[in-house]
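Here the structure comes first, spelled out in structure tokens, and everything after it is commentary.
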Amino acid sequence: MTLFAIVQRQFFQNGSCVQTRPILTTPLFSVLLGLVIWGTGTAISQPVNAETPETAPANVTNLLTQIDDASNRQDVEAVMGFYSSNFTNSDGLNHQTLKQVLKDFWNKYSRLNYRTQLQSWQQNGEALTTTTVTEITGTRTINNREFALTSTITSQQQIEGGKIVQQEILAEKNKLTLGNQPPTVVFNVPKEVKIGQEYTVDAIVQEPLNEEILIGTAITEPVTAKAYTQEELLQLEFLPSGGIFKVGQAPNTSGDNWVSAILMRQGGVTLVTQRLRVVK
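Just add 1 to wherever you are in the sequence shown, counting from 1, and you've got our numbering.
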């Protein structure tokens, strides 16, 4: 996990950021694994000649229902039965690593709900391409503290012989909250930028803080299979302006990145993550 190249668009009274307590985090919501099943997110342009959900054959809608049901039961073997042994996805996961990430994720979140909607489908010879949106909600309790999770991921799958052989994650938004009054955060990140392009990252707290202290930070990291299991210490900063306002610069190589922000106030913590696509 790497801190992304940022330039503060605000200046504190002492001219620098004050670092506070470190916090241990995994790649925030990469481990959500809505992407593991299908995905949820904002609407995207449909493939040329794609069919509408209303015309989808029964085997497609049944497959969606069966995967959701198995996911809600947290039945790893049943879920992986819908994936080809040669499965690959755009994040570098294969059948084996996907299965392990699912196990790890479900061990942490015992109460989860998956709900998948079909956006479009297209028949290409023996192969079937589907674009789906999956919403995931869940909770996790640590030391009598409950974390609430929401995730939306949009993905596209290629299905052959009734099994998923390939998957691409198209969009992703995730949120994790802790506490009775976690900050309500509006997170503004572009969905796509060109290599080397500057872009803004704003994480704005909606509630008035008055004299309350707000701390947090923003990071970026490339999306890789290895990043699903990494943990790292983050240094949090005082945020006297009511949020995070930064300028980032895209890397010089194309690919997907997770852009994340964590904000902490007396009433709780909010972590948000969005996928940023870097294109040529």
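Note that CB positions come from ideal geometry on N, CA and C, so glycine has one too.
Exercise. Span of the beta strand (DSSP E) holding Lys176?
Worked result: It spans Lys164 to Leu179 - the beta strand (DSSP E) in which Lys176 sits, taken as one unbroken run.
Problem set entry | Length of the line joining the Cα atoms of Tyr200 and Leu171 | Approximately 19 angstroms between the Cα atoms of the pair.
Problem set entry | Secondary structure of Val273, DSSP reduced to three states | Three-state DSSP puts Val273 in a strand.
Problem set entry | In chain order, each beta strand (DSSP E) run of at least 3 residues that lies wholly inside the segment 46-127 | Entirely contained in the segment 46-127, the beta strand (DSSP E) runs reaching 3 residues are, in chain order, 84-90 and 112-125.
For this session: Taking Glu208 and Pro184 to be in contact with their CB atoms under 8 angstroms, please state how far apart those CB atoms are, rounded to whole angstroms.
Result: With 8 angstroms as the limit, Glu208 and Pro184 qualify as a contact, their Cβ atoms being about 6 angstroms apart.
For this session: Determine the DSSP secondary structure at Lys281, reduced to helix, strand or coil.
Result: Coil, per DSSP.
For this session: Taking the CB atoms as reference points, tell me whether Leu129 and Val61 lie closer together than 9 angstroms.
Result: Yes, the Cβ-Cβ distance between Leu129 and Val61 is below 9 angstroms.
Exercise. Under the three-state reduction of DSSP, which class applies to Glu247: helix, strand or coil?
Worked result: Note on identity: in this sequence residue 247 is Lys, with Glu being the wrong assignment. Of the three classes helix, strand and coil, the one that applies to Lys247 here is strand, per DSSP.
For this session: State the Cα-Cα distance for the pair Leu54 and Thr98, rounded to the nearest angstrom.
Result: In the sequence as displayed, the identity of residue 54 is Pro instead of Leu. Between the alpha carbons of Pro54 and Thr98 lies a distance of about 30 angstroms.
Exercise. Going by Cα to Cα distance, which pick from Trp122, Thr138, Arg146 and Glu147 is closest to Ser156?
Worked result: Distance from the Cα of Ser156 is smallest, within the candidate group Trp122, Thr138, Arg146 and Glu147, for Trp122.
For this session: Report yes if the C-beta distance between Val77 and Lys104 is below 9 angstroms; otherwise report no.
Result: Cβ distance < 9 angstroms, so Val77 and Lys104 count as in contact.
Problem set entry | Host beta strand (DSSP E) of Ile220 (start-end) | The continuous beta strand (DSSP E) containing Ile220 extends over residues Ile216 to Pro223.
Problem set entry | Own chain partners of Thr271 with C-beta closer than 6 angstroms, once the 5 adjacent residues on each side are dropped | Taken in chain order, the residues that qualify are Thr178, Pro183, Pro184, Val186 and Leu264.
Problem set entry | Straight-line Cα distance separating Val102 from Leu277 | Leu277 and Val102 have their alpha carbons spaced roughly 22 angstroms apart.
Exercise. CB-CB under 8 angstroms to Pro23, same chain, minus the five flanking residues each way: which ones, in chain order?
Worked result: Residue placement at Pro23 cannot be trusted, given a pLDDT of 42 that sits under 50; the coordinates are not used to answer.
For this session: Starting from Thr201, trace the beta strand (DSSP E) both ways and give me its first and last residue.
Result: Element bounds for Thr201: Glu199 to Val206.
Exercise. DSSP on Lys227, reduced to helix/strand/coil?
Worked result: In this structure, DSSP gives Lys227 a helical state, which the three-state scheme calls helix.
Problem set entry | Alpha-carbon spacing of Arg266 relative to Leu215, whole angstroms | Distance between the alpha carbons of Arg266 and Leu215: 5 angstroms.
Problem set entry | Run of the beta strand (DSSP E) containing Glu161, from where it starts to where it stops | Taken as a continuous stretch (DSSP letters only), the beta strand (DSSP E) holding Glu161 covers Arg146 to Glu161.
Exercise. How many Å lie between Ala57 and Lys192 at the Cα?
Worked result: Going by the C-alpha atoms only, they are around 28 angstroms apart.
Problem set entry | Whether Gly243 touches Leu210 by CB criterion (9 angstroms) | Taking 9 angstroms as the Cβ cut-off, Gly243 and Leu210 qualify as a contacting pair.
Problem set entry | Own chain partners of Thr117 with C-beta closer than 6 angstroms, once the 5 adjacent residues on each side are dropped | In its chain, beyond the 5 residues on either side, Trp39, Leu65, Asp69, Thr133 and Thr135 have a beta carbon closer than 6 angstroms to the beta carbon of Thr117.
Problem set entry | Whole-angstrom distance between Gln198 and Cys18, CA atom to CA atom | Bear in mind that the predicted position of Cys18 carries a pLDDT of just 35, short of 50, making it too unreliable to give a figure here.
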